[in-house]
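What follows is one structure encoded as structure tokens, with my remarks underneath.
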Amino acid sequence: MLNILKTHFGFDQFRPLQEEIIECVMAQRDAFVLMPTGAGKSLCFQLPALKMPGVTLVISPLIALMKDQVDALKADGIPAEFINSTLTRAEIDRIQTAALRGEIKILYAAPERLALPEFQYFLQKIVVSLIAIDESHCISEWGHDFRPDYRNLKVLRTRFPAVPVMALTATATRKVREDIICQLSLEKAKIFTSSFNRPNLSYAVLPKKNSYDHLINLFREHRDEAAIIYCFSRKDTEHLAADLRQEGFKALPYHAGLESEARRTNQEKFIRDEAQIIVATIAFGMGIDKPDVRLVIHYHLPKSIEGYYQETGRAGRDGLPSQCLLFYSPGDASKQKHFIRQIEDEAEQKNAYQKLDQMVKYCELATCRRHYLLAYFGENYPQEKCDGCDICLSPQEYFDATIISQKIMSAIIRTGQRFGMNYIIDVLVGAKHKKIIERDHHNLSVFGIVDDFSKEDLGRIVSQLVSKKLIVKSGDEYPTLQLSPRGNEFLKQREKINLTKFESIAKLSQPGEAVEAAYDKELFEKLRHLRKKIADEKEVPPYVIFSDLTLRQMAFYLPQSEDNFSRISGVGDEKLKQYGEIFTEVIQTYARKNDRPEKDVPVKRSASSHRPNRLGPTYRETQELVREKMSIEKMASLRGLAAGTIASHIEKLVSNGEKLDIDYLRPPVEQLETIKAAFQKSRGTALSPVLEILGEPFSYAELKIARLFIRS
Ligand code: ADP
Ligand code: MG
0 MLNILKTHFG
10 FDQFRPLQEE
20 IIECVMAQRD
30 AFVLMPTGAG
40 KSLCFQLPAL
50 KMPGVTLVIS
60 PLIALMKDQV
70 DALKADGIPA
80 EFINSTLTRA
90 EIDRIQTAAL
100 RGEIKILYAA
110 PERLALPEFQ
120 YFLQKIVVSL
130 IAIDESHCIS
140 EWGHDFRPDY
150 RNLKVLRTRF
160 PAVPVMALTA
170 TATRKVREDI
180 ICQLSLEKAK
190 IFTSSFNRPN
200 LSYAVLPKKN
210 SYDHLINLFR
220 EHRDEAAIIY
230 CFSRKDTEHL
240 AADLRQEGFK
250 ALPYHAGLES
260 EARRTNQEKF
270 IRDEAQIIVA
280 TIAFGMGIDK
290 PDVRLVIHYH
300 LPKSIEGYYQ
310 ETGRAGRDGL
320 PSQCLLFYSP
330 GDASKQKHFI
340 RQIEDEAEQK
350 NAYQKLDQMV
360 KYCELATCRR
370 HYLLAYFGEN
380 YPQEKCDGCD
390 ICLSPQEYFD
400 ATIISQKIMS
410 AIIRTGQRFG
420 MNYIIDVLVG
430 AKHKKIIERD
440 HHNLSVFGIV
450 DDFSKEDLGR
460 IVSQLVSKKL
470 IVKSGDEYPT
480 LQLSPRGNEF
490 LKQREKINLT
500 KFESIAKLSQ
510 PGEAVEAAYD
520 KELFEKLRHL
530 RKKIADEKEV
540 PPYVIFSDLT
550 LRQMAFYLPQ
560 SEDNFSRISG
570 VGDEKLKQYG
580 EIFTEVIQTY
590 ARKNDRPEKD
600 VPVKRSASSH
610 RPNRLGPTYR
620 ETQELVREKM
630 SIEKMASLRG
640 LAAGTIASHI
650 EKLVSNGEKL
660 DIDYLRPPVE
670 QLETIKAAFQ
680 KSRGTALSPV
690 LEILGEPFSY
700 AELKIARLFI
710 RS
């Protein structure tokens, strides 16, 4: 199987679960695959399709997606076709004839095809070995992408009782999962679920103030990198896209109100790297498999965490570091509430308030965002800090908030625990407005006792007290504040409390600086151009030729012989044959002109992952890069992995007694001493207690590396 993986797809290793899933369907068993976007679900049916005797039938909801996937398979030399309404009668006949002759291994079809008697007749005549139902959540009315045509899929089970069925989705909610299993009678299927964590994505929330300037700066820094901006309304998308064009960026709008032709061309331009930025409503995205989206920006507050996670999930499918930014202002929440108020169904309305509230909580977090997102989907993220969200990445400074917290909480109690945040704040700062006077609250001892914090800051303190569960918010449209039992205890015991400083909140909201990666940027640009030229000639999206990761590796190793080139991840036999020469030529010319050496691309397949005692190829690659004396950050960036993962590789290599010169990674003396002292104080080697003691911006990666030098 590893051979097929390299020769046909150009990859050296399976991603987590891929191998197990493939084995399951090869053993004729049904499979239900729940993995996040970008996990590599397609390969789970594409590879078995090559090993099985007949045809693998793939049901996919979107016509555009089908074409791109088939183009990508063809580029790898795999006989694949699709049948949908965009084809002429003659084209369909040609494909069906080829299928009957056994010349097609993978056949994509839209769900509505299945209802046509003619197509059913055709299916009966070919040998179907596997049925894969991609985006299978479309069958569920509970999901956000319900497609009535997916109900046609039920007949597949009765028509092909002996053929294994594989359903795939990235939808994480339990209700939808159960619905899929029930509708497709997958009760006996083996269920595969991976973590929904997307380690290559970083998350940040920025204040809405100056958001436009921020965008401009961001795009100046990230020229040529694909970005999706989500806006609330159709008009917003058009205005923002026009503004960005004024600034010289290639930005296009996308929403359901555009003519279908305009929608199609705008989407096409984005996929083909002709437009850098697409400014869209949430109508955009489902038909997009573009693997190299580097930025997903929410310009307005999303309605729910589900939607937000789905939309941000479109970033970085190729596994390379990508950013998800959200611009937040509490005013956006009020706007959303305005719409929720108009929902007539009471249960539905309550649900909408709840979802929005969870979204607001996310924006106001003072703790790890990844942790919160995964907890939302019922997953426990084991580490306290993730190294990949604005909160975890920024140095946190604290201040003693004991007195101000006591004042806020007293005001809540004195006014009877019946009022919302703004009212409480008004009382505290002594605003003499009508309602306060009517209720005689201007005579309370807490009236006007705060003069050292602005209203804005007070709001932030309240949010932090809510997220620390001292205060609870209840009610939907106009939530009121009460003290939790913990809060009452806090007041009674006169406990002390530290909260995060606001300056650091503001500062930490800056997106993490892009790591200077180790590959040659100039060569990368040249290779990108070449890729675009070839893609245009072949009328396919550029990523179908080679992924960004593949180009980055080329721009790092500068492979010039066929053998060396073939070892790059993403180069399979067909692509080697098609493009090997053209690319190595460009690389060679560049290398000569700039006097750059060619490096050996590590052979990864020799270290088989089947032998448990041996370290797998991913470790070998790290080992290779350590030999090059590359920094942890650069390795992480080049490989599309978290710094912490790289550090773990190094630990493992060292503990396995591999020969490895890591002295160049030794932390500065002072830093090492500080960390060492913290380890001694924690009396162990676990990392999180040490982080707690240090209370300083050390990352897990740094601690892991430091630990190596402390031990030796
Ligand atoms: P999903 O359907 O789960 O969102 P895809 O199947 O579209 O994900 O795969 C996402 C990306 O990962 C694609 O660019 C694909 O080529 C790449 N990929 C899949 N499997 C592997 C692998 N074993 N090694 C390297 N890249 C892979
Ligand atoms: Mg997919």
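Position 416 (the sequence shown) corresponds to 415 in numbering that gives the first Met the number 0; numbering is contiguous.
Cβ coordinates follow ideal geometry from the N, Cα and C atoms, glycine included.
Asked: Nearest-angstrom Cβ-Cβ length linking Leu-42 and Met-0, presumed shorter than 8 Å; Found: Leu-42 to Met-0, Cβ: 11 Å. No contact.
Asked: Boundaries of the beta strand (DSSP E) in which Tyr-107 is found, first to last residue; Found: 105-108
Asked: Closer than 7 Å: Glu-223 CB and nearest ligand 2 heavy atom; Found: Checking the displayed sequence, the identity of residue 223 turns out to be Asp instead of Glu. No, Cβ of Asp-223 sits at least 7 Å from all heavy atoms of ligand 2.
Asked: Backbone CA spacing between Ala-590 and Tyr-556 [nearest angstrom]; Found: 10 Å
Asked: Collapsed DSSP secondary structure at Glu-512 in the structure displayed; Found: Only weak support exists for where Glu-512 lies, its pLDDT of 32 falling under 50; the coordinates are left without a value.
Asked: 4 or more residues per run - each alpha helix (DSSP H) lying fully within the stretch 295-374; Found: 304-311, 329-340, 345-362
Asked: Inter-residue spacing [alpha-carbon to alpha-carbon] between Ile-460 and Tyr-361; Found: 15 Å
Asked: Exposed unless 16 or more other CB atoms sit within 10 angstroms - verdict on Arg-197; Found: buried
Asked: Any non-hydrogen atom of ligand 2 within 7 Å of Asp-714 CB; Found: Missing from the structure shown is residue 714; the chain here goes from 0 to 711 and no further.
Asked: Complete runs of the beta strand (DSSP E) confined to the stretch 33-114 [at least 3 residues]; Found: 54-58, 79-82, 105-108
Asked: Close beta carbons around Pro-541, own chain, < 7 Å, minus the five adjacent residues each side; Found: Arg-271, Asp-272, Arg-530, Lys-531, Ala-534
Asked: 8 Å contact criterion, which Pro-160 and Tyr-327 should meet: CB distance rounded; Found: Going by Cβ atoms, the distance from Pro-160 to Tyr-327 rounds to 52 Å, so no, they are not a contact pair.
Asked: For Val-57 and Tyr-107, believed in contact at Cβ under 8 Å, the rounded distance; Found: 5 Å
Asked: Inter-residue CB distance, Ala-721 and Gly-643 (contact presumed, cutoff 8 Å); Found: Outside the shown range of the chain, which is 0 to 711, sits residue 721, and nothing can be said about it.
Asked: Distance, Asn-199 Cα to Leu-707 Cα; Found: 25 Å
Asked: Identity of the residue in Ala-74, Pro-60, Glu-18 nearest His-7 by Cα; Found: Ala-74
Asked: Which listed residue (Ala-71, Ser-59, Lys-189) has its alpha carbon closest to that of Ser-25; Found: The sequence shown places Met at residue 25, rather than the Ser named in the question. Cα-wise, what sits closest to Met-25 is Lys-189.
Asked: Residue range of the unbroken beta strand (DSSP E) whose run includes Ser-473; Found: 470-473
Asked: The stretch 363-373 contacting the stretch 620-630, beta-carbon criterion three pairs below 8 Å; Found: no
Asked: Cβ-based burial, Val-689 [other Cβ within 10 Å; buried from 16]; Found: buried
Asked: Where Gln-382 sits in the DSSP three-state scheme; Found: coil
Asked: Ser-193 beta carbon near ligand 2 (any heavy atom closer than 7 Å); Found: no
Asked: Touch test, the stretch 634-642 against the stretch 314-332, Cβ-Cβ under 8 Å, three pairs minimum; Found: yes
Asked: For Val-204, the three-state DSSP class (helix, strand or coil); Found: strand
Asked: Status (buried if at least 16 other CB within 10 Å, exposed otherwise) for Asn-265; Found: buried
Asked: Integer-rounded CB distance, given that Lys-500 should sit under 8 Å from Val-449; Found: Going by Cβ atoms, the distance from Val-449 to Lys-500 rounds to 17 Å, so no, they are not a contact pair.
Asked: Phe-582, DSSP secondary structure in three states; Found: helix
Asked: Delimiting residues of the beta strand (DSSP E) encompassing Asp-399; Found: 397-399
Asked: Within the stretch 529-602, ranges of the beta strand (DSSP E) (whole runs, at least 3 residues); Found: none
Asked: Three-pair Cβ contact test at 8 Å for the stretch 483-500 versus the stretch 555-572; Found: no
Asked: Closest residue to Lys-208 among Asp-148, Thr-192, Gln-123, Gly-330 (Cα-Cα distance); Found: Gly-330
Asked: Residues that DSSP places opposite Lys-189 in a beta bridge; Found: Ala-30
Asked: Rounded separation between Gln-309 and Asp-291 - CA only; Found: 16 Å
Asked: Among Ile-692, Pro-616, Val-653, nearest to Phe-10 - alpha-carbon criterion; Found: Pro-616
Asked: Any non-hydrogen atom of ligand 1 closer than 7 Å to Asp-317 Cβ; Found: yes
Asked: Helix, strand or coil at Glu-19 according to DSSP, with G and I counted as helix; Found: helix
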